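Order-wise, the sequence lines are chains Z and G.
Reminder that position 410 of the first sequence reads as 410 in my numbering, one-by-one numbering, no gaps.
Reminder that position 93 of the second sequence reads as 93 in my numbering, one-by-one numbering, no gaps.
Just so you know, even glycine gets a beta-carbon here, dropped at the ideal spot from N, CA and C.
In this text the structure is predicted, and so the values were computed from the model without any measurement.
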Amino acid sequence: MTLWRRRAAIPALHHVQGNVLRPFGYTRGAHLFMHVPDARAGRAWLHQVVGTVTDAVDWPGAKPVAARNVSLTYAGLEALGVDPRVRAALPEAFRAGMAGRAAVLGDDGPCAPERWDAGLGTGAAHVLVSLFADDAPTVEREVDDVRSSASRWGLDVVVDQRTAQLLGAREHFGFSDGFSQPTISGVPSMPGADGVPDRFGRLRPLPLGEFVHGYPDIDSDDPPALPPPFHRNGTFQVWRKLAQDVDAFNAYTARHGDVLGLPAATVAAKMIGRWQDGTPLSLFPSSPGGEEVARDADRTNTFCYGDDPRGERCPLGAHVRRANPRDGLPFGGVMTARHRMIRRGMPYTDGDDRGLVFVAFVADIERQFEFVQQHWCNDGDAFGLGDEPDPIVGRNARLTSQHGKTTLGGAPPRFLSPLAEFVTTRGGEYLLLPSIDALWALADGRSLWRCRSGR
Amino acid sequence: MTTRVTLLAAVTEQRLPSLRGALGVLPLGSDGPFASVPGTHYARWVLLTRLGPPLLLFSAVTDVSARPYLQSMVENLPPEAQVVWEHCDGWPHQASVEEKTAWLEARCYRPHLTFATVEATVQDIVAGIDARRRLGAFAAANQGLEPAALQKAFRAEFGP
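In structure tokens, the structure reads:
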């Protein structure tokens, strides 16, 4: 395996959109999905907006009051009049969209696309403008600005989803979130980021091409390219709205805690793989690591599973162990390395409706996001757990069967059974987050062939 | 114990769109057409269009040897899957089961690598999965019992 021999590529930060390689770090967001009435209007609107999109260049001083991303669904590329040959050369999963891949993702029953929020998964969402700031008035000003320009060119806002960090950067079940971001070769590492364990247990960065198109990836120094103008400095964005039933989760952990003679917090931690303060069960199997450790992003994220093959410290089927098995699968970290994601999700709270807007950036939707959901979260075979699903986000027939269970480990092992559904997919889209210059090319309506010599 | 079946059949360019359509509507998983062909561990069709003239690749891992498997396939594949073979050049539409089997067998190749090596029959594997599920359900339902009570419950469920 030549994974570790890939030469480090340097990203062209002024072409890559911000928030991909390094998080913006704002505490509030708004996601506006818009419908483009016709190609001419869409390009005119885009021409007006591209200049406001935030790139990935480091901010020299204080961060700006707000930042923006623009991304497009497959239907959006069609609506903007992108050459059919270009569209046909884009990956199948992206072309199908998240709703079209419901069978792969296990989105059925209450998660089926027919039950999604209006505007998602129907082909009506063409363009996504994501706005970020640290206070509500600024977000509102940004939203008004985007709505105003959209209105001028006849674009309809079909989804307006707000997000905001909860106190302590926790998600609605009460757990600290956002750990375990991949370190990327050629990109300064963030605190708490991790790479992929090599056979010596060292954490190594992932190649840039795993997350940004046009650079060496895990498989090749010259991976197959997307068609111009999307061949370089763009990425795919997975946008997924996940509702969380907090009351049901709390009741479930309390009830099963009583049965097993464990505190509810311990049951919840075993389902997640971390304590609520974020400290991992792999390092602190009996009780949370404490405030000092929890504040140290590197300490809470520097651990492996290879020395816990039976899941005695962290259950084999715990959510974070499934989503990033580190060296917990055969051949060290090699099998994990091909399925990492950059995550930029943020909680949403719409009255009693609470949950997470999950956002991931990947170079390959199918190999990265869909693989993790399908094979590691919806099934347990890779971990020796048969068809046990992830107790938090897994979906399969066993989840709702009376025999569904999660193995907590121990000797003798303990189980949570039956399982319950705490997380419901409320909608989602696959988007292409193009480079800044690809956005300009789209806005200009430049032809496929003139873009071929693009940067 | 298992047999690998691999065959290649030519397809004319004009029939490719129709063949793609026929393949595209076939259900997957346990509803897939090969669920009705006994002894199938794994089977798939792959359309090869970039290596020269288009070819339909069929590969399978089966409990029985190639000829009886191919015959069983001709006999048991549902009509919407039989249509796939009808797109191949020279497919004997009006022929008997034996003649169609011979046509398929004539296009078989001996593979040197296999997708999966399985040392058990489909029946054994299904029984193993069922036993695993029963054991898992038993373990979950009886956790916390004292050893003697656990043993008694185990014997009641699985026999002495």
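The stretch 125 to 138 of chain G touching the stretch 244 to 264 of chain Z, judged by at least three CB pairs closer than 8 Å:
They do not touch, by the three-pair rule.
Kindly indicate which residue of G/Asp31, G/Thr40, G/Phe34 has the alpha-carbon position closest to the one of G/Val118.
As a first step, residue 118 of chain G must be located in the second sequence, where it is residue number 118. The residue from G/Asp31, G/Thr40, G/Phe34 with its alpha-carbon nearest to that of G/Val118 is G/Thr40.
Is G/Gly39 close to chain Z, meaning its C-beta is less than 8 Å from at least one C-beta of that chain?
The residue given as residue 39 of chain G occupies position 39 in the second sequence. It does not; no Cβ of chain Z falls within 8 Å.
Which same chain residues, not among the five before or five after G/Pro78, have their C-beta less than 8 Å away from its C-beta?
The residue given as residue 78 of chain G occupies position 78 in the second sequence. Cβ within range, chain order: Pro33, Ser36.
Beta-carbon proximity list for Z/Lys270, same chain, < 6 Å, skipping 5 on both sides
Taking the first residue of the first sequence as position 1, residue 270 of chain Z is located at position 270. Pro315, Leu408, listed in sequence order.
By the DSSP assignment, the alpha helix (DSSP H) with G/Leu77 in it spans what residues?
Taking the second sequence and counting its residues from 1, the one referred to as residue 77 of chain G is at position 77. Counting along the chain, G/Leu77 falls outside any alpha helix (DSSP H), and DSSP gives it neither H nor E.
Using the C-alpha atoms, what's the distance from G/Ala95 back to Z/Gly106?
Translated into the one-based positions of the first sequence, residue 106 of chain Z becomes position 106. Translated into the one-based positions of the second sequence, residue 95 of chain G becomes position 95. Rounded to the nearest angstrom, the two C-alpha atoms are 42 Å apart.
Nearest CA to the CA of Z/Met346: which residue from Z/Gly214, Z/Pro11, Z/Tyr26?
Residue 346 of chain Z sits at position 346 when you count from the first residue of the first sequence. When only C-alpha atoms are compared, the closest one is Z/Tyr26.
Suppose the cutoff is 6 Å on Cβ atoms and the five residues either side in sequence are ignored; what does the same chain contact list for Z/Thr183 look like?
Within the first sequence, the letter at position 183 stands for residue 183 of chain Z. Contacts found: Ser189, Ala193, Gly195, Pro205.
Go ahead and label G/Lys100 buried or exposed: buried means 16 or more other beta carbons lie within 10 angstroms of its beta carbon, across all protein chains shown.
By 1-based counting over the second sequence, the position of residue 100 of chain G is 100. Counting Cβ neighbours within 10 Å, G/Lys100 comes out buried, since at least 16 surround it.
With 7 Å as the C-beta to C-beta threshold (strictly closer), list the residues of the stretch 373 to 400 of chain Z near chain G in chain order.
Per Cβ criterion, the list reads Gly386.
Should the stretch 202 to 218 of chain Z be called in touch with the stretch 172 to 180 of chain Z, which here means at least 3 C-beta pairs below 8 Å?
The answer is no - the stretch 172 to 180 of chain Z does not touch the stretch 202 to 218 of chain Z, with fewer than three Cβ pairs under 8 Å.
Classify Z/Val238 as helix, strand or coil using the three-state DSSP reduction.
Sequence index remark: in the first sequence, residue 238 of chain Z carries index 238 (1-based). Three-state DSSP puts Z/Val238 in a strand.
Would G/Thr3 pass as an interface residue toward chain Z - the criterion being a Cβ-Cβ separation below 8 Å?
Translated into positions along the second sequence, residue 3 of chain G becomes position 3. Interface criterion not met: the Cβ of G/Thr3 is under 8 Å from no Cβ in chain Z.
Who are the neighbours of G/Gln14 on chain Z, taking C-beta pairs under 8 Å?
Here residue 14 of chain G is taken as the residue at index 14 of the second sequence, counted from 1. The premise fails here: G/Gln14 is roughly 20 Å from chain Z at the closest Cβ pair, so nothing lies under 8 Å.
DSSP three-state assignment for Z/Asp381, whether helix, strand or coil:
In the first sequence, residue 381 of chain Z corresponds to position 381, counting from 1. Here Z/Asp381 sits in helix by DSSP.
Is G/Ser59 helix, strand or coil by DSSP?
If you number the second sequence from 1, residue 59 of chain G lands on position 59. Three-state result, G/Ser59: strand.
Given that Z/Arg506 touches chain G, what residues does it touch there, using C-beta distances under 7 Å?
The structure shown does not extend to residue 506 of chain Z, since chain Z is modelled only from 1 to 455, so the question has no answer here.
When DSSP builds the beta bridges, which residues end up paired with G/Leu8?
As a first step, residue 8 of chain G is located in the second sequence; it is residue number 8 there, counting from the start. Bridge partners of G/Leu8: G/Leu57.
Express the C-alpha separation of Z/Arg354 and Z/Val212 in angstroms, rounding to a whole number.
In the first sequence, the residue the question calls residue 212 of chain Z occupies position 212. In the first sequence, the residue the question calls residue 354 of chain Z occupies position 354. Roughly 31 Å between the two C-alpha positions.
Is it a yes or a no for the stretch 156 to 174 of chain Z touching the stretch 54 to 67 of chain Z, going by three-plus beta-carbon pairs under 8 Å?
With the cut-off at 8 Å, the stretch 156 to 174 of chain Z and the stretch 54 to 67 of chain Z do not touch.
4 or more residues per run - each alpha helix (DSSP H) lying fully within the stretch 206 to 283 of chain Z:
Restricting attention to alpha helix (DSSP H) runs no shorter than 4 residues, the stretch 206 to 283 of chain Z encloses them at 246 to 260, 264 to 272, ordered along the chain.
With distances taken Cα to Cα, identify the nearest neighbour of Z/Pro191 among Z/Arg101, Z/Thr300, Z/Arg274, Z/Asp160.
Taking the first sequence and counting its residues from 1, the one referred to as residue 191 of chain Z is at position 191. It is Z/Thr300.
Mind reading off the beta-carbon distance from Z/Leu208 to Z/Ala337? Whole number of angstroms is fine, and I expect it under 8 Å.
Within the first sequence, numbered from 1, the residue matching residue 208 of chain Z stands at position 208. Within the first sequence, numbered from 1, the residue matching residue 337 of chain Z stands at position 337. Between Z/Leu208 and Z/Ala337 a beta carbon distance of about 13 Å is seen, past the 8 Å cut, so the two are scored as non-contacting.
Is the distance from the Cβ of Z/Asp135 to the Cβ of Z/Gly333 below 8 Å?
Here residue 135 of chain Z corresponds to residue number 135 of the first sequence, with the count starting at 1. Here residue 333 of chain Z corresponds to residue number 333 of the first sequence, with the count starting at 1. Not in contact: Z/Asp135 and Z/Gly333 (Cβ atoms no closer than 8 Å).
In this structure, does DSSP put Z/Gln48 in helix, strand or coil?
Your numbering for residue 48 of chain Z matches position 48 in the first sequence. Three-state result, Z/Gln48: helix.
Give, in chain order, every residue of the stretch 105 to 137 of chain G whose Cβ lies closer than 8 Å to some Cβ of chain Z.
Across the stretch 105 to 137 of chain G, CB contacts with chain Z closer than 8 Å involve Ile129, Arg132, Arg133, Gly136, Ala137, in sequence order along the chain.
Spatial neighbours of Z/Ala79 within its chain, please: C-beta separation below 7 Å, excluding the five flanking residues on both sides.
Working through the first sequence from its first residue, we reach residue 79 of chain Z at position 79. If we look at Z/Ala79 and ignore the five residues flanking it on each side, its Cβ neighbours are Val36, Ala39, Gly42, His126.
Per DSSP, the bridge partner or partners of Z/Arg28
For the purposes of this step, residue 28 of chain Z is taken as residue 28 along the first sequence, with counting starting at 1. According to DSSP, Z/Arg28 bridges with Z/Ala133, Z/Ala164.
May I ask you to report which of helix, strand or coil DSSP gives Z/Val157?
Sequence index remark: in the first sequence, residue 157 of chain Z carries index 157 (1-based). Three-state result, Z/Val157: strand.
Rounded to the nearest angstrom, what separates G/Thr121 and Z/Phe230 at their Cα positions?
Residue numbering aside, residue 121 of chain G sits at position 121 when the second sequence is read from its first letter. Residue numbering aside, residue 230 of chain Z sits at position 230 when the first sequence is read from its first letter. Straight-line Cα distance between these residues: approximately 48 Å.
Distance, Cα to Cα, G/Arg15 vs G/Val25?
Taking the first residue of the second sequence as 1, we reach residue 15 of chain G at position 15. Taking the first residue of the second sequence as 1, we reach residue 25 of chain G at position 25. Rounded to the nearest angstrom, the two C-alpha atoms are 16 Å apart.
Tell whether a beta-carbon distance below 8 Å holds between Z/Phe358 and Z/Ala248.
Taking the first sequence and counting its residues from 1, one reaches residue 358 of chain Z at position 358. Taking the first sequence and counting its residues from 1, one reaches residue 248 of chain Z at position 248. No, they are not a contact pair.
Could you pull out every residue in the same chain whose Cβ sits closer than 7 Å to the Cβ of Z/Thr2, ignoring the five residues on either side in sequence?
For this step, residue 2 of chain Z is matched to residue 2 along the first sequence. Summary for Z/Thr2: the model assigns pLDDT 47, below 50, so the residue's position carries little reliability, and this model does not support an answer.
From the DSSP output, in three-state form, read off Z/Cys314 for me.
If you number the first sequence from 1, residue 314 of chain Z lands on position 314. It is coil, neither helix nor strand.
Is the CB of G/Ala140 under 8 Å away from at least one CB in chain Z?
Looking up residue 140 of chain G in the second sequence gives position 140. At a cut-off of 8 Å, the C-beta of G/Ala140 has a neighbouring C-beta in chain Z.
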